[in-house]
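What follows is a set of notes on a single structure, which appears directly below.
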Amino acid sequence: MIRLSKLTDYAIVVLSEMARQVGTVHTVAHLADRTGVPAPTVAKLMKAMTPAGLTTSQRGAAGGYALSRAADAISIAEIITALDGPIALTACVDGADSQCGVEQLCPMRGGWEKVNRAIRGALEEVTLADMMAPITFPAPAAATTSTAAQPARPAH
Numbered sequence: 000m001i002r003l004s005k006l007t008d009y010a011i012v013v014l015s016e017m018a019r020q021v022g023t024v025h026t027v028a029h030l031a032d033r034t035g036v037p038a039p040t041v042a043k044l045m046k047a048m049t050p051a052g053l054t055t056s057q058r059g060a061a062g063g064y065a066l067s068r069a070a071d072a073i074s075i076a077e078i079i080t081a082l083d084g085p086i087a088l089t090a091c092v093d094g095a096d097s098q099c100g101v102e103q104l105c106p107m108r109g110g111w112e113k114v115n116r117a118i119r120g121a122l123e124e125v126t127l128a129d130m131m132a133p134i135t136f137p138a139p140a141a142a143t144t145s146t147a148a149q150p151a152r153p154a155h
């Protein structure tokens with residue numbers, strides 16, 4: 000199963016909260032209180048998001064963190080990469096930290112890169128704003144069977 004890290008999931012929650020209050024400087028304590036993510040985790044997220052260019056930090060009594068740009072300009076791929084490194088299913092991909100022990104002999108070498116590019120491309124198309132949008136489901140189809148057309152049930 001392909002799964003996001005818990006830290007990345009938390010980052011999307013925290014950044015979404017920040018995006019709901021555009022132009023506001025948020026403290027770690029405020030973000031922890033508003034999202035339910037523990038304060039040490041929020042602090043860890045902010046330390047990763049700021050060097051990645053997703054948030055800015057301000058020091059001082061009125062300091063804290065703010066999004067560096069609008070939610071519709073931050074892709075989910077950027078958030079994942081900031082926390083987890085290159086988006087890849089396998090170790091044999093450009094930019095991955097680990098190396099595969101059989102990479103030189105592997106008949107799939109290069110084949111997985113197509114899959115990695117497709118996943119990365121899909122995640123680049125989804126923005127933080129998209130994740131914040133309410134999900135709408137189609138209304139269920141109305142029942143077309145009338146009770147008169149149903150067979151009678153035997154009495155017990």
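Just so it is clear: in the sequence shown, position 49 is 48 by numbering that gives the first Met the number 0, and no numbers are missing. Just so you know, even glycine gets a beta-carbon here, dropped at the ideal spot from N, CA and C. Predicted, not measured: the structure shown is a model, and the values here were computed from it.
Asked, Found
"Reduced DSSP category for G110 - H, G, I as helix; E, B as strand; rest coil", "helix"
"V36 and V12 closer than 8 Å at C-beta", "yes"
"CB of L66 within 8 Å of CB of L3, strictly", "no"
"M107 classed as buried or exposed, judged by whether at least 16 other C-beta atoms fall within 10 angstroms", "exposed"
"For S15, three-class secondary structure by DSSP", "helix"
"Where the alpha helix (DSSP H) containing A42 begins and where it ends", "A38 to M48"
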